[in-house]
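Working notes for the structure below.
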Amino acid sequence: MKLATVLHAVLLGSNTIFALRDDPTTDPPLPSIRRSRLSDGLKTLFFAHEDRDTTPPTVAYNQNCAGAVLTGAGYRSVTGTLQIPSIKLPPGANRDKLHAVSAWIGIDGEHACPNSMLQVGVDMYLNNSISQYWAWFEWFPNHSTYLTDFAIRAGDTLTMNITAASLSSAEFAITNHRTGQRDSATLTDPAAAAAAAPLLCGFSTEWMVEDFSASDGVPLVDFGGVAFTGAQFATDSGVTGGVEAAEMAGVKETADGQVVIECEKVGGDEVTCLYRGDAGTNT
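In terms of mature numbering (1 follows the signal peptide of the UniProt record, and there is no 0), the sequence shown is residues -19 to -1, 1 to 264.
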């Protein structure tokens, strides 16, 4: 992956150039969370081992991700706005142990496109009663890049967008409406003409909340609830829409089959995900 344009931010009317950092010494508390899961079957975490609830509306349960997935062809843009939640330890959890959750939007990632995925999101960490929020972007199978100068706190409203001009070039943007800061970058694959290049497929779009417990052993933090509002997509043929036709996913942890993240569609352009508990894994 190559940055074709420099990441930039606009903060209260002033232009500031920020550096991109992908160095473990400057990353968030547990950079291995996002890096290690690259080898943990990312491409099959939605429906490969699904456990479907036959009670309408249909929900596919897995161990990692909960939210909404649209499948089809030609997806080129996805947008979502979320309010950053306050996070806390689940009852009885060890305060000295790192807990985490992530909220993101993406293009591709569903199992029909096994080689590439574009994501923009926020990781949320709680350790020793200290909350940290880190914005990031990623073009899988490349590593994610954290935006270490992008300030986030609980209560902030963030708008995230991904637009793929082609299957080998895409732009991400993330805006914090409290601070006025907006970061964006255009990503291109310099080997796009090669057969092995991680080209996008445009087969799916997602609005997701991710639990790292199964892939990294990092217990789920109590995030209360996260809502993606203004959830919209666009295709290369000009079709636009929301999440009316999206499939829904929820998270069950394997120890007891307990549902720990449950999501639902609200209207045609909102996905709400709620924390339902994480018994037995956080102590």
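Every residue, glycine too, gets a C-beta built ideally from N, C-alpha and C.
- For His124, there is no enclosing beta strand (DSSP E), as DSSP marks it with neither H nor E.
- As computed with DSSP, Glu228 is found in a beta bridge with Val50.
- Residue range 162 to 169 is occupied by the beta strand (DSSP E) that includes Thr167.
- Counting the other Cβ atoms within 10 Å of the Cβ of Asp104 gives 16 or more, which makes it buried.
- C-alpha of Asp137 to C-alpha of Gly90: approximately 27 Å in a straight line.
- In its chain, beyond the 5 residues on either side, Gly249 have a beta carbon closer than 7 Å to the beta carbon of Glu225.
- Spatial neighbours of Phe214 in its own chain (CB-CB distance under 8 Å, excluding positions within 5 residues in sequence) are listed in chain order as Leu51, Tyr56, Ser58, Val59, Thr60, Thr186, Thr221, Gly222, Gly223.
- Rounded to the nearest whole angstrom, the CA to CA distance from Thr140 to Thr156 is 5 Å.
- Assignment of Ser194 by DSSP, reduced to helix, strand and coil, places it in the helix class.
- With a beta-carbon spacing of about 12 Å, Phe209 and Pro66 fall beyond the 8 Å limit used to define contacts.
- In the three-state reduction of the DSSP assignment, Asp130 falls in the coil class.
- The region 70 to 82 makes no contact with the region 92 to 101; the number of CB pairs closer than 8 Å stays below 3.
- Residue pairing of Asn108 in beta bridges, as defined by DSSP: Ile111.
- DSSP places Leu180 in the coil class of the three-state scheme, outside both helix and strand.
- Looking only at Ala41, Gln64, Ala49, the smallest Cα-Cα distance to Gly206 is reached by Gln64.
- One Cα belongs to Ser112, the other to Ala230, and the distance between them is close to 26 Å.
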